[in-house]
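Here the structure comes first, spelled out in structure tokens, and everything after it is commentary.
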Amino acid sequence: MKVAGLDIGSRTIALVEMDDGTVSFSEVVDTTFDPLEQCRRLLKDRDFDLLVATGYGRHLAQANFAHQVITEIKAFALGCHHIFPECRTILDIGGQDTKAISVSPDGRVVDFQMNDRCAAGTGKFLEVMASALGLSLQEMGEVAMGAEGEVKISSMCTVFAESEVTGLIARGTPRPLIARGLHEAICDRAASLLKRVGVARELVFAGGVARNPCMRHLLEERLGMPLLIPENPQIVGALGAALSARDSD
Amino acid sequence: MSDYREMWEELGLDLQAHDGLLEVLPPLYQETILSQENRPEGMGYFDFVFSEIHGLRVKELVEHRAQGGVVVGTFCTYVPEELVIAAGGICVGLCAGAQVAEEAAEQYLPRNLCSLIKSSLGFKLAKVCPYIESCDLLVGETTCDGKKKYYEILGEFQPVHVMELPQRKDEVDRALWRSEVRRLARRLEELTGKRIESEPLREAIKVVNEKRRALLRLAELRKSDPPVISGRDALLINQIAFYDDPKRLAEKVNALCDELVERREKGIFIGGSHRPRVLLSGCPMAIPNWKLPAIIENSGALVAMDEMCTGIRYFRHLVSEEATDLDGMLDAIADRYLRIDCAVFTPNRERLEHIKELVRDYSIDAVVYYALQFCDPYTVEAFRVRQELEKDGIPFLYLETDYSAEDVGQLTTRVQALIEMLETKSGSS
Numbered sequence: 003m004k005v006a007g008l009d010i011g012s013r014t015i016a017l018v019e020m021d022d023g024t025v026s027f028s029e030v031v032d033t034t035f036d037p038l039e040q041c042r043r044l045l046k047d048r049d050f051d052l053l054v055a056t057g058y059g060r061h062l063a064q065a066n067f068a069h070q071v072i073t074e075i076k077a078f079a080l081g082c083h084h085i086f087p088e089c090r091t092i093l094d095i096g097g098q099d100t101k102a103i104s105v106s107p108d109g110r111v112v113d114f115q116m117n118d119r120c121a122a123g124t125g126k127f128l129e130v131m132a133s134a135l136g137l138s139l140q141e142m143g144e145v146a147m148g149a150e151g152e153v154k155i156s157s158m159c160t161v162f163a164e165s166e167v168t169g170l171i172a173r174g175t176p177r178p179l180i181a182r183g184l185h186e187a188i189c190d191r192a193a194s195l196l197k198r199v200g201v202a203r204e205l206v207f208a209g210g211v212a213r214n215p216c217m218r219h220l221l222e223e224r225l226g227m228p229l230l231i232p233e234n235p236q237i238v239g240a241l242g243a244a245l246s247a248r249d250s251d
Numbered sequence: 005m006s007d008y009r010e011m012w013e014e015l016g017l018d019l020q021a022h023d024g025l026l027e028v029l030p031p032l033y034q035e036t037i038l039s040q041e042n043r044p045e046g047m048g049y050f051d052f053v054f055s056e057i058h059g060l061r062v063k064e065l066v067e068h069r070a071q072g073g074v075v076v077g078t079f080c081t082y083v084p085e086e087l088v089i090a091a092g093g094i095c096v097g098l099c100a101g102a103q104v105a106e107e108a109a110e111q112y113l114p115r116n117l118c119s120l121i122k123s124s125l126g127f128k129l130a131k132v133c134p135y136i137e138s139c140d141l142l143v144g145e146t147t148c149d150g151k152k153k154y155y156e157i158l159g160e161f162q163p164v165h166v167m168e169l170p171q172r173k174d175e176v177d178r179a180l181w182r183s184e185v186r187r188l189a190r191r192l193e194e195l196t197g198k199r200i201e202s203e204p205l206r207e208a209i210k211v212v213n214e215k216r217r218a219l220l221r222l223a224e225l226r227k228s229d230p231p232v233i234s235g236r237d238a239l240l241i242n243q244i245a246f247y248d249d250p251k252r253l254a255e256k257v258n259a260l261c262d263e264l265v266e267r268r269e270k271g272i273f274i275g276g277s278h279r280p281r282v283l284l285s286g287c288p289m290a291i292p293n294w295k296l297p298a299i300i301e302n303s304g305a306l307v308a309m310d311e312m313c314t315g316i317r318y319f320r321h322l323v324s325e326e327a328t329d330l331d332g333m334l335d336a337i338a339d340r341y342l343r344i345d346c347a348v349f350t351p352n353r354e355r356l357e358h359i360k361e362l363v364r365d366y367s368i369d370a371v372v373y374y375a376l377q378f379c380d381p382y383t384v385e386a387f388r389v390r391q392e393l394e395k396d397g398i399p400f401l402y403l404e405t406d407y408s409a410e411d412v413g414q415l416t417t418r419v420q421a422l423i424e425m426l427e428t429k430s431g432s433s
């Protein structure tokens with residue numbers, strides 16, 4: 003049986019295809035301004051017995067081609083538990099949402115916390131700040147990692163933080179210190195969200211921001227434990243959706 | 005709706021802006037309320053009242069005033085309706101539940117103030133609320149700093165009387181509140197030029213208690229599982245109770261309850277199979293704020309009870325009918341209103357106990373806490389509510405939002421994740 007999971011996020015869309023229980027294909031594309039068209043392109047010439055969609059665009063998918071939908075909370079729990087069966091806590095920093103999820107030994111969601119309505123402390127926040135610093139996302143992570151010291155960024159609102167960064171640049175603060183400060187600020191946010199669901203080992207870090215080496219380093223230091231990172235952290239939601247499709251019949 | 009344009013014009017409404025508002029309501033009502041399946045017939049009355057929201061009821065107010073009666077507007081469950089009725093007046097709740105003229109309101113109010121207050125001033129500035137324009141007196145109360153200071157601004161447009169609500173429930177507070185109830189009585193007497201006598205007050209106490217008894221009867225029926233009425237319909241009735249004629253409303257609610265009992269006996273339920281039962285707790289939801297109940301119920305759960313001012317907090321306590329003289333009745337009224345467990349009180353243990361009681365009595369699977377952004381009392385008290393519920397292992401979802409629609413997607417994800425969590429929980433047990 004061939005099933006698929008589609009995670010339509012605010013920044014990227016991921017497709018995971020499973021053939022008789024093993025992943026046979028996966029791909030990640032940008033969401034752009036026309037997610038439906040991007041989905042159609044991803045799904046072109048592909049045929050599935052069951053397609054489950056997740057992510058903020060899941061209802062759009064359901065109205066058009068998906069058979070079922072699940073929330074990204076459940077999808078990440080399923081996906082992380084599949085990759086790391088010993089996973090009890092998940093941190094997912096995605097494009098517009100940050101989630102802390104507590105899961106049971108058999109991979110069920112026990113509790114979850116998400117950021118407030120604004121994009122403070124999410125991937126989008128990092129993107130806006132990178133552009134304020136004239137760096138690419140990847141460069142910013144590397145620059146922050148190499149920084150000796152940091153400046154305190156007190157605002158987590160994307161708009162206010164950008165003004166704060168502009169102010170720091172105007173005062174001649176070196177870019178690496180600002181970049182490091184921004185990472186520390188997100189790390190604080192994520193750690194407090196995690197503490198609200200309780201941090202139990204093992205802790206899996208997924209979502210696009212998990213690819214950022216500085217964020218991984220800071221979180222491990224802050225939480226005092228190693229993080230498990232999926233090989234491709236951006237497809238975990240889609241994998242969870244595919245697993246839900248596999249198990250639903 | 006028949007033609008009320010002349011009436012609206014005489015009330016000083018901005019007809020063009022008002023048309024715009026009235027265009028938005030019917031499709032929203034269709035989508036949120038009328039589209040529900042298998043609704044009881046008794047909801048027809050409330051659909052009618054809603055369809056005439058700026059029509060027939062306003063006409064009744066205009067006619068009442070033409071005959072020398074007064075109309076008094078309130079913003080909170082703490083203002084004793086009994087006094088207004090005993091003074092020969094009609095009491096209407098003016099809380100606003102839609103984003104109207106926010107930019108205009110922000111010329112007077114700070115941006116980081118709750119939607120409820122901003123919207124209230126927005127309606128006034130945009131001249132689109134026939135209720136506030138029909139009022140001879142507005143009665144405010146010092147429930148929170150935002151409202152307290154807002155009433156000073158509102159007073160520039162219309163006469164406002166502010167009741168000082170104590171924030172503790174000790175004997176000194178009771179003494180203050182009893183005197184505040186009497187001060188309101190005097191203000192109403194000044195307004196009408198007539199004394200409030202004991203017989204009309206006794207009658208008013210009965211009338212308002214009857215309304216509460218009817219709403220309590222409906223609340224009792226919401227314990228039914230499978231459900232006989234949706235959370236959205238129950239909320240609509242509560243919202244209408246704030247401005248409809250109290251006697252007529254009690255009659256219609258009782259008729260609806262009769263029908264619900266009959267339907268339950270015949271095995272007619274809304275929704276059929278078991279749905280997760282949610283208690284909504286927190287800030288009030290004024291018409292047409294159905295955002296969260298619609299998300300919850302469209303996601304497959306049921307709002308089984310509302311621990312809000314537009315829910316059971318509005319009608320939970322009755323005024324004692326034992327007093328024989330005017331003074332005794334005024335004290336009984338004051339004491340009843342002081343029992344309300346709004347989050348402005350400290351300590352507010354009663355509210356925590358009541359939430360736990362509702363969780364038990366209504367077989368609640370999860371509590372969804374509705375916090376209006378920037379509402380200090382309810383956002384801060386959420387911590388204690390969560391703490392209390394965690395002890396009992398009751399899932400708790402805190403949602404902070406406002407009157408805008410832009411966060412519907414994010415709210416839906418949170419609510420649906422909660423429902424998935426409840427389903428796997430019950431599926432495995």
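Chains as they are written, first to last, in the working numbering: chain A, 3 to 251; chain B, 5 to 433.
Idealized CB from N, CA, C, for every residue including glycine.
Compute the beta-carbon to beta-carbon distance between residue i and residue j, rounded to the nearest angstrom, for a pair I have assumed lies under 8 Å.
i: residue 89 of chain A; j: residue 18 of chain A; result: Their Cβ separation, rounded to whole angstroms, is 18 Å, which puts residue 89 of chain A and residue 18 of chain A out of contact at 8 Å.
i: residue 81 of chain A; j: residue 239 of chain A; result: 6 Å
i: residue 199 of chain A; j: residue 103 of chain A; result: 7 Å
i: residue 403 of chain B; j: residue 375 of chain B; result: 7 Å
i: residue 242 of chain A; j: residue 79 of chain A; result: 7 Å
i: residue 366 of chain B; j: residue 305 of chain B; result: Not really, about 13 Å apart at Cβ, beyond 8 Å.
i: residue 273 of chain B; j: residue 204 of chain B; result: That belief does not hold up - the Cβ atoms of residue 273 of chain B and residue 204 of chain B are roughly 43 Å apart, past 8 Å.
i: residue 258 of chain B; j: residue 318 of chain B; result: Incorrect: roughly 17 Å between the Cβ atoms, too far for contact.
Hey, does residue i have any beta-carbon neighbour from chain A nearer than 7 Å?
i: residue 106 of chain B; result: no
i: residue 421 of chain B; result: yes
i: residue 147 of chain B; result: no
i: residue 2 of chain B; result: As shown, chain B starts at 5 and ends at 433. That puts residue 2 of chain B outside it, with no answer to give.
i: residue 14 of chain B; result: no
i: residue 312 of chain B; result: no
i: residue 433 of chain B; result: Residue confidence for residue 433 of chain B is low, a pLDDT of 38 falling below 50, so the modelled location carries little weight; the figure read from the coordinates is stated next. Judged by the 7 Å Cβ criterion, residue 433 of chain B is not in contact with chain A.
i: residue 289 of chain B; result: no
i: residue 47 of chain B; result: no
i: residue 424 of chain B; result: yes
i: residue 417 of chain B; result: yes
i: residue 81 of chain B; result: no
i: residue 428 of chain B; result: yes
So what's residue i in DSSP terms, helix, strand or just coil?
i: residue 1 of chain A; result: With chain A covering 3 to 251 only, the question about residue 1 of chain A has no answer from this structure.
i: residue 212 of chain A; result: helix
i: residue 429 of chain B; result: helix
i: residue 15 of chain A; result: strand
i: residue 196 of chain B; result: helix
i: residue 395 of chain B; result: helix
i: residue 101 of chain A; result: strand
i: residue 165 of chain A; result: helix
i: residue 92 of chain A; result: strand
i: residue 261 of chain B; result: helix
i: residue 111 of chain B; result: coil
i: residue 204 of chain A; result: coil
Assuming residue i is part of the alpha helix (DSSP H), what are its boundary residues?
i: residue 9 of chain A; result: It is not in any alpha helix (DSSP H) - residue 9 of chain A instead sits in the beta strand (DSSP E) that spans 4-10.
i: residue 234 of chain B; result: Per DSSP, residue 234 of chain B belongs to no alpha helix (DSSP H) and is neither H nor E.
i: residue 335 of chain B; result: 330-342
i: residue 190 of chain A; result: 177-199
i: residue 404 of chain B; result: Counting along the chain, residue 404 of chain B falls outside any alpha helix (DSSP H), though it belongs to the beta strand (DSSP E) covering 400-405.
What are the boundary residues of the beta strand (DSSP E) that residue i is part of?
i: residue 275 of chain B; result: Per DSSP, residue 275 of chain B belongs to no beta strand (DSSP E) and is neither H nor E.
i: residue 285 of chain B; result: 281-286
i: residue 49 of chain B; result: That residue, residue 49 of chain B, is in no beta strand (DSSP E); its alpha helix (DSSP H) goes 47-55.
i: residue 53 of chain A; result: 52-56
For chain B, check one thing: does any of its Cβ atoms lie closer than 7 Å to the Cβ of residue i?
i: residue 34 of chain A; result: no
i: residue 75 of chain A; result: yes
i: residue 244 of chain A; result: no
Please check if any C-beta of chain E sits within less than 7 Å of the C-beta of residue i.
i: residue 196 of chain B; result: Of the protein chains in the structure, A and B, none is chain E.
Looking at chain B, which residues of the stretch 159-177 of chain A have a Cβ within less than 9 Å of any of its Cβ atoms? Cβ proximity to chain B below 9 Å picks out nothing from the stretch 159-177 of chain A.
Would you list, in chain order, the members of the stretch 105-130 of chain A that have their beta-carbon closer than 7 Å to a beta-carbon of chain B? Those would be 110, 111, 114, 116, 118 and 119, in chain order.
Members of the stretch 54-76 of chain A near chain B, C-beta cut-off 7 Å: For the stretch 54-76 of chain A, the residues whose beta carbon sits under 7 Å from a beta carbon of chain B are, in order, 58, 72, 73, 74, 75 and 76.
Residues from the stretch 398-409 of chain B in contact with chain A, defined by Cβ distance under 8 Å: Within the stretch 398-409 of chain B, those residues whose Cβ lies closer than 8 Å to any Cβ of chain A are, in chain order, 399, 404 and 405.
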